[in-house]
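See structure below.
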Amino acid sequence: MALSLLQKAQIWLLKAVAGLFLKLFQLFSSRKPGLSGKKLPPVTDPLLLLSATQLARKIRRKEVCTRLQQHTARWIDPTNIYLFIYFSPHYFSLADREAAQVDKLIEEESGGEEVLEDRLPLLGVPLSVKEAFALQGMPFTAGLFSRRGIIANVDAPPVALLKRAGAIPLGVTNTSELCMWMESHNHLYGITKNPYDLERIPGGSSGGEGSILGGAGAVIGIGSDIGGSIRMPCFFNGIFGHKTTPGVVSSDNQYPPFSGRQEEYLSTGPMCRYAEDLLPMLKIMAGPNAHMLSLNTKVDLKKLRFFTVPHSGCLLTTPVSKELVDIQKKVVERLEADLGVKVQEVHFPELRYGFQMWDTYLGLPDKEGKSPRAFAALLGEPGPPVRPLWELLKWMLGKSKHTMAAIGLALMEMTHVSKPSSSIIQKKEKLQKEVEELLGNDGVFLYPSHPRVAPKHHHPLFTFFDFTYTGILNILGLPVTQCPLGLSEEGLPLGVQVVAGKLQDHLTLALALYLEKTFGGWRDPGAN
Numbered sequence: 001m002a003l004s005l006l007q008k009a010q011i012w013l014l015k016a017v018a019g020l021f022l023k024l025f026q027l028f029s030s031r032k033p034g035l036s037g038k039k040l041p042p043v044t045d046p047l048l049l050l051s052a053t054q055l056a057r058k059i060r061r062k063e064v065c066t067r068l069q070q071h072t073a074r075w076i077d078p079t080n081i082y083l084f085i086y087f088s089p090h091y092f093s094l095a096d097r098e099a100a101q102v103d104k105l106i107e108e109e110s111g112g113e114e115v116l117e118d119r120l121p122l123l124g125v126p127l128s129v130k131e132a133f134a135l136q137g138m139p140f141t142a143g144l145f146s147r148r149g150i151i152a153n154v155d156a157p158p159v160a161l162l163k164r165a166g167a168i169p170l171g172v173t174n175t176s177e178l179c180m181w182m183e184s185h186n187h188l189y190g191i192t193k194n195p196y197d198l199e200r201i202p203g204g205s206s207g208g209e210g211s212i213l214g215g216a217g218a219v220i221g222i223g224s225d226i227g228g229s230i231r232m233p234c235f236f237n238g239i240f241g242h243k244t245t246p247g248v249v250s251s252d253n254q255y256p257p258f259s260g261r262q263e264e265y266l267s268t269g270p271m272c273r274y275a276e277d278l279l280p281m282l283k284i285m286a287g288p289n290a291h292m293l294s295l296n297t298k299v300d301l302k303k304l305r306f307f308t309v310p311h312s313g314c315l316l317t318t319p320v321s322k323e324l325v326d327i328q329k330k331v332v333e334r335l336e337a338d339l340g341v342k343v344q345e346v347h348f349p350e351l352r353y354g355f356q357m358w359d360t361y362l363g364l365p366d367k368e369g370k371s372p373r374a375f376a377a378l379l380g381e382p383g384p385p386v387r388p389l390w391e392l393l394k395w396m397l398g399k400s401k402h403t404m405a406a407i408g409l410a411l412m413e414m415t416h417v418s419k420p421s422s423s424i425i426q427k428k429e430k431l432q433k434e435v436e437e438l439l440g441n442d443g444v445f446l447y448p449s450h451p452r453v454a455p456k457h458h459h460p461l462f463t464f465f466d467f468t469y470t471g472i473l474n475i476l477g478l479p480v481t482q483c484p485l486g487l488s489e490e491g492l493p494l495g496v497q498v499v500a501g502k503l504q505d506h507l508t509l510a511l512a513l514y515l516e517k518t519f520g521g522w523r524d525p526g527a528n
């Protein structure tokens, strides 16, 4: 179906806005000394190279003292200087006290290792937390300058569940402003860097999590995802992450809070370096909803149906690079050779409207007819909504407390039409039906994570629509596991999204284990 005149006009306007940003940014932004090729030093402490599963086992067996927080803290200090992730120093002393309590608990436990494993499967494991989640006693700003000084007085439900399972929080990590951009940059904490190349972005909005985990500064982490905010940071930083089927893991006590129908597309999930940690983390984070997923079901990969979708065909996005096309083809070749399966290439014409679908559905009203809160209103809290054009002028004069990305999103919000496009609604419903029929309860498909490996800082301002490769899967409500697939010739992480039908999260998690074994999983950024 051809684009309507209105849709063509919207595409032209959006591209014009992106072009304007490019010219303005080149004219007014300050140039920093080049960091190209610089990366994090190699990890020297072997404890930092263990998975959460391995580490918890060693702690239960008293092979490792839980004061490993001291090991982590020693590494985080130089890591934070390189990556600008943000941790609150006072929280390390609290984490150390909690670690001492864990040591005491192990000494007093009379039931043995099995009892501890059942009660506290993550006993003593260092955890980092995206700053958009409430972590009691820590900043809770979502990168918004006007929220500076706000401290969480409770734990978000998944954070509380991980703590109850024995994990020890180290602190909170940086996000994009209000968690609505693919680069973790704000005027509270600064700009977070990628451990594989300090001139590259770590992604967003869970970019601080992706960076600290990719740099081995924490063992496990927690992120949220409404357009790729778990998967892009995991892709750019070479780690594993899982966007759960929506409605399974609680999204309460996050900032900004969801409104309209956004809860249908928002997912909270685990982030980690090792695939074996995804399943136990998800079991814990799902809490009372774990029964909704078949997480205890053994998966025989040879009995699954496999598909590959090489690109979206979207007119707004950058074409998928050859290195990412080639690595996805290598995954197909290995699946067919190792498992004896046939991987079918499929195309969905409606994917070319992915951005319009994401943009339309995030703006839909809830069941009571209440529209979601405007981004400009959130930016202005606790005062009136920001005036985007005025804020842009202030930014040009170096006086704005908001990033160019946030101002740009507020400007784009002004282009929205009041009534959703009926043709976009129809296309989304058609795509939903086709994908669900294809996948059933035993199908998975491979899909590019992004058109390019990690871009340089601020470049997403000019390739905004590339996030559509992740965002469309939020609107479809599907579980997705982001899997690393080695490094490019430039030494940057490659990867792919593994997608399954609703509530079939166990299928993508099982394939993640296979891909880790086959392609090597996470690589130390500092290693040669």
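The sequence shown maps to residues 1 to 528 in full-length UniProt numbering.
For every residue, glycine included, the Cβ atom is placed at its ideal position computed from N, Cα and C.
- Following the DSSP letters along the chain, one finds residue 57 inside the alpha helix (DSSP H) bounded by residues 52-60.
- Sorting 138, 301, 147, 131 by C-alpha distance to the C-alpha of residue 378 places 147 at the top.
- Of the residues assessed, residue 243 falls on the buried side of the cut-off, its CB having 16 or more other CB atoms within 10 angstroms.
- Secondary structure note for residue 487: its beta strand (DSSP E) is the uninterrupted segment 480-487.
- For residue 359, the closest C-alpha among the options 476, 289, 402 is that of 476.
- Collapsing the DSSP output to three states places residue 65 in coil.
- In the three-state reduction of the DSSP assignment, residue 447 falls in the strand class, which pools E and B.
- By the neighbour-count criterion, in which a residue is buried when 16 or more other Cβ atoms sit within 10 angstroms of its Cβ, residue 368 is exposed.
- Secondary structure of residue 229 (DSSP, three-state): coil.
- In its chain, beyond the 5 residues on either side, 363 have a beta carbon closer than 7 angstroms to the beta carbon of residue 416.
- For the 8 angstroms CB-CB criterion, residue 274 and residue 240 form a contact.
- Ranked by how close their Cα comes to the Cα of residue 172, the residues 189, 213, 138 have 138 in first place.
- Following the DSSP letters along the chain, one finds residue 305 inside the beta strand (DSSP E) bounded by residues 305-308.
- Take the alpha-carbon of residue 185 and the one of residue 177: they are about 7 angstroms apart.
- Non-local C-beta neighbours of residue 261 in its own chain, meaning closer than 6 angstroms and more than five positions away in sequence, comprise 364, 366, ordered along the chain.
- By DSSP's assignment, residue 500 forms a beta bridge with 444.
- The C-alpha of residue 508 is placed about 6 angstroms away from the C-alpha of residue 499.
- Residue pairing by DSSP puts residue 197 in a beta bridge opposite 194.
- Beta-bridge annotation (DSSP): residue 186 is paired with 190.
- Per DSSP, residue 421 is not a residue of any beta strand (DSSP E), being assigned neither H nor E.
- Cα atoms of residue 497 and residue 108: separation of roughly 44 angstroms, rounded to the nearest angstrom.
- Boundaries of the beta strand (DSSP E) harbouring residue 240: 240-243, taken from the DSSP string.
- Taking C-beta separations shorter than 7 angstroms and ignoring five residues to either side along the sequence, the partners of residue 353 in its chain run 424, 427, following chain order.
- Residue 212 carries a helical assignment under DSSP once its states are collapsed to helix, strand and coil.
- Under the DSSP assignment, residue 285 falls in the alpha helix (DSSP H) whose first and last residues are 278-286.
- Boundaries of the beta strand (DSSP E) around residue 345: 343-345.
- Residue 508: member of the alpha helix (DSSP H) spanning 505-519, first to last residue.
- In this structure, DSSP gives residue 271 an extended state, which the three-state scheme calls strand.
- By the CB criterion at 8 angstroms, residue 228 and residue 495 fall outside the cutoff.
- Three or more beta-carbon pairs separated by less than 8 angstroms are not found between the region 504-520 and the region 454-463, which leaves the two stretches without contact.
- DSSP lists 133 as the bridge partner or partners of residue 254.
- In the DSSP assignment, residue 468 falls within the alpha helix (DSSP H) that extends over 468-476.
- Burial state of residue 225 is buried, judged by a 10 Å Cβ sphere holding 16 or more other Cβ atoms.
- Per the coordinates, the alpha-carbon of residue 268 lies some 13 angstroms from the alpha-carbon of residue 162.
- Here the region 203-213 makes no contact with the region 247-256; the two share fewer than three CB pairs at distances below 8 angstroms.
- Judged by DSSP in its simplified three-state form, residue 224 adopts strand.
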